[in-house]
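In our numbering, each number is its position in the sequence shown, counted from 1, plus 79.
Don't be surprised by glycine CBs; every beta carbon is placed ideally from N, CA and C.
This structure is a prediction, so every number in the text was calculated from the model and none was measured.
Here the structure comes first, spelled out in structure tokens, and everything after it is commentary.
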Amino acid sequence: MKAVIISNSRLQGDYFEVVFTAPEIAEKAVAGQFVHIRIDERNDYILRRPFSIHSTDPEKGTVSVAYKVVGKGTLAMSKLASGYEFDVMGPLGIGFSTPADDVVPVAVAGGYGSAALYLLSRVSRQKGVLLAGARSKNDVILTDRYEKAGFDVRVATDDGSMGTKGVVTSLIPQVLEDCKGKKLLFYGCGPHPMLMALGKLLKEKGLDGELSIDHKMCCGVGACFACVIKVNDPGSADGWRYARSCSEGPVFPLDDVYLGE
Ligand code: FES
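In structure tokens, the structure reads:
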């Protein structure tokens, strides 16, 4: 469908947020789903790029994507002005489940994984927890929005410039201590090594969760198999199979996540 940019502004440093009209996506999207965007049909950027949906406003019919400028495509995207029309598909993929009424969601984000987890704050009955991990304070984004939504925000940075010095999973023991007696469900989104460490820790401690495991995508709708990842399959000889992260994921229940090498 065609979308029109309402605003496209810098959040901080290399991080931007684009808000655009897409009423059908705004109506249906859940946390963890993504849109597939083609920003220019005439030159270099003919391939669609997947972006996690950060937020939606169903009343206004708008969708927001938070992104980092990492190359030519995202740099070009950061320069698009309001009124620009582009092509978007979505909402795509399987997103995170809605926490049951008595469940406290613990969102564990690496880098701008916090963008993809934010819609959980809309559907959660309980006030959740955000554990935000990043290289430095410059990469900790959107925590103010979680705070506004009533989430308990805790931060870990590799260089210690904000919050606890260390990896984001190091924050989990204290959360378990503070939330004793409550039902927790962990929701992870971030770089692959972080998700693997999170998955192993949750398994070790007998905790449950869902992880957003994606891979480089092409078609975004399950047709090309460019995005396959290994998932557990107890019925197969090797105990695993390939799954398309775009259409069977990107969010998988922890039990399905393949934690081997
Ligand atoms: Fe084509 Fe997933 S990107 S099948």
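Spatial distance of residue i from residue j (CA atoms)
i, j, result
"Val330", "Ser176", "9 Å"
"Ile292", "Gly245", "22 Å"
Own chain residues within Cβ distance below 6 Å of residue i, not counting five before or after
i, result
"Leu209", "Ala186, Tyr225, Phe230, Val232"
"Gly192", "Cys268, Gly269"
Which of helix, strand or coil DSSP assigns to residue i
i, result
"Gly229", "coil"
"Met334", "Note on residue identity: the sequence assigns Asp, not Met, to residue 334. Three-state DSSP puts Asp334 in a helix."
"Ser215", "coil"
"Met275", "helix"
"Arg224", "helix"
Integer-rounded CB distance, given that residue j should sit under 8 Å from residue i
i, j, result
"Ile84", "Ala108", "Not a contact, Cβ separation roughly 18 Å."
"Arg117", "Phe165", "6 Å"
"Val247", "Ala235", "5 Å"
Same chain only: Cβ atoms within 7 Å of residue i, ignoring 5 sequence neighbours per side
i, result
"Asp190", "First, the amino acid is wrong: residue 190 is Gly here, not Asp. Only Ala213, Asp218, Gly269, Pro270 meet the Cβ criterion."
"Cys343", "Given that the chain is displayed from residue 80 to residue 340, the structure contains no residue 343 and the question cannot be resolved."
"Lys216", "Thr236, Ser240, Met241"
"Gly207", "Val183, Pro184, Val185, Ala186, Leu199, Ser200, Phe230"
Environment of residue i [buried if 16+ CB atoms lie within 10 Å]
i, result
"Ser134", "buried"
"Glu289", "buried"
"Gln112", "buried"
"Ala316", "exposed"
"Leu154", "exposed"
"Leu171", "buried"
Close-in-space but distant-in-sequence residues of the same chain around residue i (CB under 8 Å, 5 per side omitted)
i, result
"Lys282", "Leu333, Leu338"
"Val336", "Leu274, Gly278, Leu290, Ile292, Val310, Asn311"
"Glu327", "Ile173, Gly301, Val310"
"Ala276", "Val246, Thr248"
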